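Note sheet for the following structure.
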Amino acid sequence: MFIDSHTHLLRLEVSPEEAIEAAAEAGVLDVVNVGTNVEDSQEGAKLAAALPNVYSSAGIHPHNAGTYTAAHLEALAELSESPGIVALGEVGLDYYRGDWSQEIQRALFEDAISLANDTRLPLIIHSREAFADTMAILTRARVPIVLHCFEGGEREAREAVERGYYVGLAGNTTYKNSRTAEVLEILDPERILVETDAPYLSPQAVRSKRNEPKYVVHTAHFVAERIGVGEEEFGALTSRNARNVFGLPLEV
Numbered sequence: 003m004f005i006d007s008h009t010h011l012l013r014l015e016v017s018p019e020e021a022i023e024a025a026a027e028a029g030v031l032d033v034v035n036v037g038t039n040v041e042d043s044q045e046g047a048k049l050a051a052a053l054p055n056v057y058s059s060a061g062i063h064p065h066n067a068g069t070y071t072a073a074h075l076e077a078l079a080e081l082s083e084s085p086g087i088v089a090l091g092e093v094g095l096d097y098y099r100g101d102w103s104q105e106i107q108r109a110l111f112e113d114a115i116s117l118a119n120d121t122r123l124p125l126i127i128h129s130r131e132a133f134a135d136t137m138a139i140l141t142r143a144r145v146p147i148v149l150h151c152f153e154g155g156e157r158e159a160r161e162a163v164e165r166g167y168y169v170g171l172a173g174n175t176t177y178k179n180s181r182t183a184e185v186l187e188i189l190d191p192e193r194i195l196v197e198t199d200a201p202y203l204s205p206q207a208v209r210s211k212r213n214e215p216k217y218v219v220h221t222a223h224f225v226a227e228r229i230g231v232g233e234e235e236f237g238a239l240t241s242r243n244a245r246n247v248f249g250l251p252l253e254v
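Under this note's numbering, read the sequence shown as residues 3 to 254, first letter to last.
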């Protein structure tokens, strides 16, 4: 019924196999495991090859920008040809933690966009306290864009809609102080995805627990209720959106 469009299977307290089994029991059909460096992107490709209904992405998180080299870009290019790799990312800008300078982060981000343009793979974008710069750099992209863990307000939501970007809604959308929860009706339903970002950002209903793909149903329930759509219809909608952007096979 649902697809978790962004999770980190290699960081969970349970094994990837256990997480996928529990997700399936909760009605989560497919999972997109997301890479944050070359090593876990390589492991993610292996997971996608080994586990049914698991897909993966290859990327370098901006937190890792300071150790990025040309060899890493070559490794991502090689991974992009793996059958289970459906996107590049997560990549982008993070000005919140400030681990690395904005210039270093932007250099990695621009290289990732160039690689995406060459491979025609969609981009999964991490952007924290860097929305304006992120959107400025993304004008160079010629592939579908997913704004992972979207936490924008009205202005950001309208810009995402205007550009036709996909928006990933995670557990933080369900929090009481969420700006995004107040602007859900602005978003284009044909561009909404649901995600966990597990093991992080557990939805409010299970916030005391470590996040897993199975908990994406809580975020989906919250968003569906807010925009006045039945949960089953919303599940079909967001699953179709995920299949469209990532090129996943149709449900049989």
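Beta carbons: idealized from backbone N, C-alpha and C, even for Gly. None of the values given here were measured: they were computed from a predicted structure.
To the nearest angstrom, report how far apart residue i and residue j are at their CA atoms.
i: Asp42; j: Arg245; result: 23 Å
i: Val247; j: Ser210; result: 32 Å
i: Asp190; j: Val163; result: 6 Å
i: Val254; j: Pro201; result: Confidence at Val254 is low in this model, with a pLDDT of 49, below 50, so the placement of that residue should be treated as unreliable; the coordinate-derived value is given next. Approximately 29 Å, taken between the alpha carbons.
i: Ala60; j: Thr38; result: 7 Å
i: Thr136; j: Glu233; result: 32 Å
i: Ala77; j: Glu227; result: 42 Å
i: Asp257; j: Glu80; result: Since the first residue shown for the chain is 3 and the last is 254, residue 257 is missing from the structure and cannot be characterised.
i: Glu131; j: Tyr98; result: 6 Å
i: Glu156; j: Asn179; result: 14 Å
i: Thr221; j: Leu110; result: 31 Å
i: Leu186; j: Ala47; result: 33 Å
i: Leu14; j: Ala134; result: 32 Å
i: Ser103; j: Leu117; result: 22 Å
i: Thr240; j: Ala72; result: 36 Å
i: Gly230; j: Ile106; result: 43 Å
i: Ser17; j: Ser204; result: 18 Å
i: Leu101; j: Gly68; result: It is Asp, not Leu, that sits at residue 101 in the sequence shown. Distance between the alpha carbons of Asp101 and Gly68 is about 8 Å.
i: Val30; j: Glu192; result: 19 Å
i: Met3; j: Leu53; result: 19 Å
i: His63; j: Gly170; result: 17 Å
i: Gln44; j: Leu12; result: 11 Å
i: Arg160; j: Ala183; result: 14 Å
i: Ala25; j: Glu235; result: 19 Å
i: Arg181; j: Asn55; result: 32 Å
Please identify the residue among the options whose C-alpha is closest to the C-alpha of residue i.
i: Ala28; options: Glu192, Glu227 and His223; result: His223
i: Glu197; options: Ala159, Gly237, Glu112 and Asp101; result: Gly237
i: Asn119; options: Ser204, Arg144, Trp102 and Ala138; result: Arg144
i: Ala138; options: Glu153, Ala183, Glu158 and Trp102; result: Glu158
i: Glu153; options: Leu250, Gly173 and Arg142; result: Gly173
i: Asn243; options: Ile188, Ala200, Val148 and Ile229; result: Val148
i: Ala207; options: Thr175, Ser59, Gly230 and Glu187; result: Thr175
i: Val225; options: Pro251, Arg212, Ile188 and Leu14; result: Ile188
i: Leu252; options: Leu14, Ser7, Pro205 and Asp32; result: Asp32
i: Arg142; options: Thr240, Cys151 and Arg165; result: Arg165
i: Pro146; options: Ile115, Pro205 and Arg160; result: Ile115
i: Leu140; options: Glu192, Gly68 and Arg108; result: Arg108
i: Val36; options: Ala52, Ser7, Asn55 and Val30; result: Ser7
i: Asp199; options: Glu235, Arg160, His150 and Glu184; result: His150
If residue i and residue j are in contact, beta carbons under 8 Å, what's the gap, nearest whole angstrom?
i: Val40; j: Thr9; result: Going by Cβ atoms, the distance from Val40 to Thr9 rounds to 19 Å, so no, they are not a contact pair.
i: Ala50; j: Ile87; result: 7 Å
i: Tyr177; j: Leu195; result: The pair is not a contact, with the Cβ atoms about 18 Å apart (cut-off 8 Å).
i: His74; j: Asp96; result: At roughly 17 Å, the Cβ-Cβ gap does not stay under 8 Å, so His74 and Asp96 are not in contact.
i: Ser82; j: Thr121; result: 4 Å
i: Glu57; j: Leu250; result: Looking at the sequence itself, residue 57 is Tyr, so the reference to Glu does not match. That pair is a contact at about 6 Å.
At a Cβ threshold of 7 Å, is residue i touching chain B?
i: Thr175; result: Reference to chain B is not applicable here, since this structure consists of a single protein chain.
**Prompt:** Does the segment 202–222 come within contact of the segment 16–25, defined as at least 3 CB pairs closer than 8 Å?
**Reply:** Yes, the segment 202–222 is in contact with the segment 16–25.
Touch test, the segment 115–128 against the segment 86–103, Cβ-Cβ under 8 Å, three pairs minimum:
Touching, yes.
* Output the residue ranges of the beta strand (DSSP E) runs that lie fully inside the segment 28–100 and measure 3 residues or longer, sorted by chain position. => With a minimum length of 3 residues, the continuous beta strand (DSSP E) runs that stay inside the segment 28–100 are 30–35, 56–60 and 87–96.
Report task. Jot down the residue ranges of each uninterrupted beta strand (DSSP E) in the segment 110–197, minimum 3 residues, whole runs only, in chain order. Result -> Positions of the beta strand (DSSP E) runs, each at least 3 residues long and wholly inside the segment 110–197, are given as 125–130, 147–149, 168–171 and 194–196 in order along the chain.
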